[in-house]
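**Q**
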Amino acid sequence: MMATGWNRRAVLAIAGMASSLPVRAWPGQPGGGGMRSRYMNCAGREIHFTEWGSPAGEPVVVWHGLTQNCRAFDRLNAALAERYRVICPDTIGRGLSEWARDPVAEYTLENYGRLALTLLDQLGIDRLRWVGVSMGGMLGIALAGDELRGRISHLVLNDVGPVARINAPDNAGRASGVLQQKRQKPEFATMADFMQYLRAQYTLLSGVVLDEADWWTFAEISARRSDAGRITMHHDPQVLERFAETIEGLDYWPQYERIGARTLVLHGAESTVLPAALAQEMGRRGPRPRIVDFPGIGHAPFLWSAAEIELLRAFLDD
1 MMATGWNRRA VLAIAGMASS LPVRAWPGQP GGGGMRSRYM NCAGREIHFT EWGSPAGEPV
61 VVWHGLTQNC RAFDRLNAAL AERYRVICPD TIGRGLSEWA RDPVAEYTLE NYGRLALTLL
121 DQLGIDRLRW VGVSMGGMLG IALAGDELRG RISHLVLNDV GPVARINAPD NAGRASGVLQ
181 QKRQKPEFAT MADFMQYLRA QYTLLSGVVL DEADWWTFAE ISARRSDAGR ITMHHDPQVL
241 ERFAETIEGL DYWPQYERIG ARTLVLHGAE STVLPAALAQ EMGRRGPRPR IVDFPGIGHA
301 PFLWSAAEIE LLRAFLDD
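Letter by letter, the sequence shown follows residues 1 to 318 in the numbering used here.
(1) Can you tell which of A72, V86, A279, P301 has its C-alpha closest to the C-alpha of L204?
(2) Could you work out which residue in G161, R199, M282, G137 is closest to L66 when comparing CA atoms only?
(3) What span of residues does the alpha helix (DSSP H) with M40 cover, start to end?
(4) Can you find the residues in the same chain that come closer than 6 Å, C-beta to C-beta, to L96, ignoring five residues on each side of it along the sequence?
(5) Under the assumption that E58 contacts R85 (Cβ atoms under 8 Å), give the Cβ distance between them as a whole number of angstroms.
(6) Mind checking who Y252 pairs with in its DSSP beta bridge?
(7) When the distance is taken between beta carbons, is Y202 closer than 7 Å to V209?
(8) Within the segment 178 to 261, note down every full beta strand (DSSP E) run reaching 3 residues or more, in order along the chain.
(9) With a threshold of 8 Å on Cβ separation, who are the neighbours of H267 within its own chain once the five nearest residues in sequence on each side are excluded?
(10) Assign D318 to one of three DSSP states: helix, strand, or coil.
(11) With a floor of 3 residues, list each beta strand (DSSP E) that falls wholly inside the segment 68 to 142, ordered by position along the chain.
(12) Rounding to the nearest angstrom, what Cα-Cα distance links G298 and E270 in this structure?
(13) Considering Cα atoms alone, identify which of S153, W253, R230 is closest to A189.
(14) With distances taken Cα to Cα, identify the nearest neighbour of Q238 among W63, P55, P103.
(15) Just to confirm my understanding: we take D121, look at its own chain, exclude 5 residues before and 5 after, and list those with CB closer than 6 Å. What are they?
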């Protein structure tokens, strides 16, 4: 990895690196314990989140991507919990959070922002650090440049910018293609079939290299049983329908320009969601972030490897 300052581009060769951090069992962390699974009523909806580390620690919010859930970041959260109080929510309609009663009104970034603010207020969190993956990063831009301006000290944007390009012509077969396949609501008879589906989808989308055990872990935290008893993704299918209808109209450049937080952008060098030209423009505007390229990776870096986790810890600690 080469970096000459927080406002200069850096290159990190991490593809294929194995992590030695545990996944399945979480021992207590110094000063506060391991993972705690919690539920809270936010604006009339039950939101699930995991909490890690000492309640007295400085807060870090980790917010997942479009079809992920909070358990995708157990490994990162366990590492951050050595120093921080980590809050990792399931967005409404994902994981163990309540599904929307009105998907048109509730499955929007604007509503996710309202829920995030309500959750932070109920937890008594004022100052915080924010790690946002894809959709969670766009949510971080919206909040850091508006309601949470001055409250977020460190902002990590994982392969996302202030505008979305999911349906752009050059995304065919990558982000747009994967999104269209997920909108078909695939279901599988066995976990083995589901795991192979995820492996194919995320290898195409992100180019991530995981070992067999990690692919199984990813499948287990991403799965639920459908009403028919088959295995499918752990989210409300309406999440994707609403996303496809609304994402292209979003433009958070005004909020991005107002961000005062120290900012780190993780850029998959092969990403069509955050193309190189957009990443470079982000580096010249707003918070003038440090940008780290991940060679051979698309959308988005998984944040599972030891190198990725250490990069985030060093940034958040600075």
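No residue lacks a Cβ here, since even glycine has one placed at the ideal position from N, Cα and C.
Remember, it's a predicted structure, so these values are computed and weren't measured experimentally.
**A** Taking the coordinates as given:
(1) P301
(2) G137
(3) Not the alpha helix (DSSP H): M40 falls in the beta strand (DSSP E), residues 36 to 42.
(4) H48, D90
(5) 7 Å
(6) In DSSP, Y252 forms no bridge with anything.
(7) no
(8) 223 to 225, 231 to 233
(9) D159, L274, A276, A279, I291, V292, D293, F294
(10) coil
(11) 84 to 89, 128 to 133
(12) 4 Å
(13) R230
(14) P103
(15) none
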